[in-house]
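Visitor: Residue numbers (the UniProt record's numbering): 1 to 403.
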């Protein structure tokens, strides 16, 4: 069975058969009038037919071209307008995540010591169901000299057999000795993220550099794509880090690690985030493929039926915290089917018909002119002959009278 819609089938039949027929109707009298053939002989003045026919052909083609360009630009602008909803939704989601992290900072600013239950209740109150955030977490700074006391306290009060751990060469192992740690202590919702509790991110194979960047700049930083400890089968998460410093510390003033209290994080599953943005855009006009740009390298992580053979394709870059998302948009099959340009083909049909009748009129008038010229020439010749005969008769009469 053919994948062509009824409208496309009709359009193709129209452009093929009607177009070919009009071409034959237009060019047949022109060709027969200009070139020698066994069917019709144009005696002279062939340029009078050829030049107007050529000018009419150029005029119709030019008007058709302008109409096509204008229509395609109009549809392209409409397609871009449809995709703008995606960028607007992406900006809203990024701002929502930013505000959630800032809200967590406000919670810690307003309390001398935030308990796990308080963090859970507050996290639940700020979570937006439309924003696919896997986890909001708090990672306190634990000095190396206080590691044992910290592990003992958490083991006794929260999680039995708790210890600080690190991801080393893809394996979770007890954390090596270092000057300080940034372990995940609070993470909500806890049920889905319990496996990450105690994981130190400071020297993490993938996100460690991002954590240090956030600390040194004092701003939010987003990690490369990473496989989560609590979900190793998927490689689709990125983590936004937001450092929390002591009161009075000014970003960029030096010694950020000495003034660091801890760091907040928001864990985002990119494929789910982009899918939610796509569905919130509520458009059946485009499909997309997204790439995550990190250190000038791109990784495709989400493909929603992107069409390489689509009529319209654009690519856009969107800022996403301190990195970018590259999004490739393609028009949907429905949008392409609705892009059939009947108006331009109507122009060329009417233009060809008018041009055909004009050419036929020119041929008729040219032949009529030739016939009139021949008739006038013949009558003139006959008149000259009669005049000559009259002159001869008059001369003969004069001679006769003179005798």
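The beta-carbon is built from N, C-alpha and C at its ideal position, and this holds for glycine as well.
Within a Cβ cutoff of 6 Å, which residues of the same chain sit near residue 329, ignoring the five residues on either side of it in sequence?
Guide: If we look at residue 329 and ignore the five residues flanking it on each side, its Cβ neighbours are 83, 286, 288, 314.
Visitor: Taking just the CA atoms, how far does residue 134 sit from residue 142?
Guide: Roughly 24 Å separates the two Cα atoms.
Visitor: In the DSSP assignment, find the unbroken alpha helix (DSSP H) run with residue 187 in it and report its ends.
Guide: It is not in any alpha helix (DSSP H) - residue 187 instead sits in the beta strand (DSSP E) that spans 186–188.
Visitor: Tell me which residues share the same chain as residue 75 and place their Cβ nearer than 6 Å to its Cβ, disregarding the 5 neighbours each side in the sequence.
Guide: These residues qualify, in order along the chain: 339.
Visitor: Count the C-beta pairs between the segment 358–373 and the segment 116–126 that are closer than 8 Å, then say yes if the count reaches three, no if not.
Guide: Flag = no, the segment 358–373 and the segment 116–126 do not touch.
Visitor: Note the first and the last residue of the continuous alpha helix (DSSP H) segment covering residue 292.
Guide: Segment 286–294 is the beta strand (DSSP E) holding residue 292; no alpha helix (DSSP H) there.
Visitor: Rounded to whole angstroms, what is the Cα-Cα separation between residue 119 and residue 129?
Guide: In a straight line, the C-alpha of residue 119 is about 18 Å away from that of residue 129.
Visitor: Grab me the residues of residue 347's own chain with a C-beta within less than 7 Å of its C-beta, minus the 5 sequence neighbours each way, in chain order.
Guide: 63, 64, 67.
Visitor: What are the boundary residues of the beta strand (DSSP E) that residue 53 is part of?
Guide: Here residue 53 belongs to no beta strand (DSSP E); instead the alpha helix (DSSP H) covers 46–109.
Visitor: Just how far apart, CA to CA, sit residue 384 and residue 20?
Guide: The straight-line gap from Cα to Cα measures roughly 53 Å.
Visitor: Measuring CB atoms only, is the segment 157–168 touching the segment 180–198, in the sense that at least three cross pairs come out at less than 8 Å?
Guide: The segment 157–168, when compared against the segment 180–198, does touch it at the 8 Å Cβ threshold.
Visitor: Does the beta-carbon distance from residue 87 to residue 242 come in below 8 Å?
Guide: No, Cβ-Cβ distance for residue 87 and residue 242 is not below 8 Å.
Visitor: Just checking my contact of residue 266 with residue 89 at CB under 8 Å: how many whole Å lie between their CB atoms?
Guide: In fact, because the Cβ distance is near 17 Å, the residues do not count as touching under 8 Å.
Visitor: What's the call for residue 388, buried or exposed, on a 16-neighbour Cβ count within 10 Å?
Guide: Exposed is the call here.
Visitor: Could you tell me the boundaries of the alpha helix (DSSP H) in which residue 134 lies?
Guide: Segment 133–140 is the beta strand (DSSP E) holding residue 134; no alpha helix (DSSP H) there.
Visitor: Given a threshold of 16 other Cβ atoms within 10 Å of its Cβ, counted over all protein chains shown, does residue 391 qualify as buried or as exposed?
Guide: Burial call: exposed.
Visitor: Consult DSSP for residue 269 and reduce its assignment to one of helix, strand or coil.
Guide: Looking at residue 269 - three-state DSSP - the assignment turns out to be strand.
Visitor: When burial is assigned at 16 or more other CB atoms within 10 Å of the CB, is residue 393 buried or exposed?
Guide: With fewer than 16 other Cβ atoms within 10 Å, it is exposed.
Visitor: Would you call the CB atoms of residue 321 and residue 206 closer than 8 Å?
Guide: No, these two residues do not count as a Cβ contact at 8 Å.
Visitor: Per the contact definition of three or more C-beta pairs closer than 8 Å, is the segment 301–312 in contact with the segment 187–204?
Guide: With a cut-off of 8 Å, the segment 301–312 and the segment 187–204 do not count as touching, because too few Cβ pairs lie within range.
Visitor: Have a look at residue 380 and residue 34 and give me their C-alpha separation to the nearest angstrom.
Guide: Their backbone Cα atoms lie some 29 Å apart in a straight line.
Visitor: To the nearest angstrom, report how far apart residue 208 and residue 310 are at their CA atoms.
Guide: Near 41 Å, if we compare the C-alpha coordinates of residue 310 and residue 208.
Visitor: For residue 269, count the other beta carbons within 10 Å of its own beta carbon; 16 or more makes it buried, fewer makes it exposed. Which is it?
Guide: Buried.
Visitor: Quick check on the DSSP output: what are the complete alpha helix (DSSP H) runs of length 4 or more inside the segment 165–240, in order along the chain?
Guide: You should have 190–193, 208–217.
Visitor: Are the segment 256–264 and the segment 50–59 in contact at 8 Å, needing three or more beta carbon pairs?
Guide: Flag = no, the segment 256–264 and the segment 50–59 do not touch.
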